[in-house]
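Engineer:
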Amino acid sequence: MRLDKFLCACRVGTRSEVKKYIKQKLVTVNGQTALKPEDKVDETADIICFRGKQLQYEAYRYYLLYKPAGCVTAVTDATHKTVMDLFPDDIRGGLSPVGRLDRDTEGLLIVTNDGEFTHHILSPSHHIPKTYLAELDYALPEDAVARFKEGLDIGDDELTLPAELELIEPYIHENGYVRHRALVTIHEGRYHQVKRMFHAVGCKVLYLKRLSIGNLTLCGLDPGDFRRLTEQEIAALKEL
Numbered sequence: 009m010r011l012d013k014f015l016c017a018c019r020v021g022t023r024s025e026v027k028k029y030i031k032q033k034l035v036t037v038n039g040q041t042a043l044k045p046e047d048k049v050d051e052t053a054d055i056i057c058f059r060g061k062q063l064q065y066e067a068y069r070y071y072l073l074y075k076p077a078g079c080v081t082a083v084t085d086a087t088h089k090t091v092m093d094l095f096p097d098d099i100r101g102g103l104s105p106v107g108r109l110d111r112d113t114e115g116l117l118i119v120t121n122d123g124e125f126t127h128h129i130l131s132p133s134h135h136i137p138k139t140y141l142a143e144l145d146y147a148l149p150e151d152a153v154a155r156f157k158e159g160l161d162i163g164d165d166e167l168t169l170p171a172e173l174e175l176i177e178p179y180i181h182e183n184g185y186v187r188h189r190a191l192v193t194i195h196e197g198r199y200h201q202v203k204r205m206f207h208a209v210g211c212k213v214l215y216l217k218r219l220s221i222g223n224l225t226l227c228g229l230d231p232g233d234f235r236r237l238t239e240q241e242i243a244a245l246k247e248l
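Sequential numbering of the sequence shown, starting at 9, is according to this note's numbering.
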């Protein structure tokens with residue numbers, strides 16, 4: 009691995025910053041002052057220090073993000089703020105969101121640089137549960153719970169997989185209108201799936217928030233906040 013790439017992966021700084029640090033002779037490799045950012049290092053064996061402190065290389069990084077509404081789930085976008093703009097420059101390098109949440113949808117999003125892990129979470133064959141809170145314009149029909157459980161026709165070649173629907177007490181929104189609410193847990197991830205499922209039973213989603221993916225929840229986070237996943241959380245997701 010190139011030395012400057014290693015330093016960026018260890019979140020020492022951006023590519024331009026770490027080149028400056030090397031020029032300032034602040035980086036050593038096995039006790040010798042590093043001279044060139046393109047020098048090759050063995051990230052598993054070499055002792056690499058910055059300002060005298062040994063750096064620990066992590067091949068993969070995993071974050072839980074509370075995505076706010078108004079930003080798009082993408083690495084870059086020419087028009088809108090992205091979820092990756094919520095991460096500092098020294099962290100976001102190489103990271104990508106796992107799956108998508110619509111621009112107007114908020115809630116739990118996993119961000120990582122582990123492609124195999126991303127595939128595991130998104131693979132339809134793994135049926136990892138995802139729970140959402142939805143606010144609707146109309147009350148759900150009496151047979152909605154049963155229809156969600158049986159699978160719905162949302163215009164695809166196949167019905168949706170069985171989903172769990174739980175009705176919640178409605179409330180009066182600040183605009184003065186009644187908002188009907190429900191929790192829904194799905195086990196796949198089709199395009200605009202939750203919105204299309206509610207549309208199939210005659211309701212429009214006015215607000216949508218993803219509360220959980222597998223064992224992960226938003227507990228303790230505010231919109232725009234993120235944290236590292238623990239080793240236990242990562243292992244539990246891989247076991248699902």
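Every residue, glycine too, gets a C-beta built ideally from N, C-alpha and C. These numbers come from a predicted model, not from an experiment.
Taking only three categories from DSSP, how would you classify S104?
Structural biologist: Residue state, collapsed to three classes: strand.
Engineer: So who's on the other strand from L216, going by DSSP bridges?
Structural biologist: Bridge partners of L216: A142.
Engineer: Which parts of the stretch 108-165 are runs of the beta strand (DSSP E), unbroken and 3 residues or longer, counting only runs that do not cross its ends?
Structural biologist: Qualifying beta strand (DSSP E) stretches, in chain order: 114-120, 138-144.
Engineer: Under 9 Å, do L103 and F58 count as touching if we go by C-beta distance?
Structural biologist: No.
Engineer: Ignoring anything shorter than 3 residues, give me the beta strand (DSSP E) runs that lie fully in the stretch 162-210, in order along the chain.
Structural biologist: If we require 3 residues or more, the beta strand (DSSP E) runs fully inside the stretch 162-210 come out as 172-180, 186-194.
Engineer: According to the Cβ coordinates, are G222 and A244 closer than 9 Å?
Structural biologist: For G222 and A244, yes; Cβs fall inside 9 Å.
Engineer: Between which two residues does the beta strand (DSSP E) harbouring L72 extend?
Structural biologist: Note, L72: beta strand (DSSP E), 70-75.
Engineer: Which residues in the same chain as K89 place their Cβ atom closer than 6 Å to its Cβ, once the five residues preceding and following it in sequence are excluded?
Structural biologist: The residues are C79.
Engineer: Would you check if the distance between the CB atom of A154 and the CB atom of H188 is smaller than 9 Å?
Structural biologist: Not a contact, by the Cβ cut-off of 9 Å.
Engineer: Contact check, V26 vs I56 under 8 Å by CB: the rounded distance?
Structural biologist: No, V26 and I56 are not in contact; Cβ-Cβ is about 11 Å, not under 8 Å.
Engineer: Note down, in chain order, each residue of its chain lying with its Cβ closer than 8 Å to the Cβ of Y29, except the 5 sequence neighbours on either side.
Structural biologist: Closer than 8 Å at the Cβ level, and outside the excluded window around Y29, lie L15, V20, G21, V35, F58.
Engineer: Would you tell me roughly how many angstroms separate the C-alpha atoms of T238 and L224, rounded to the nearest one?
Structural biologist: If you take the alpha carbons of T238 and L224, they lie about 10 Å apart.
Engineer: Does the distance from the CB of F156 to the CB of A142 come in under 9 Å?
Structural biologist: Not a contact, by the Cβ cut-off of 9 Å.
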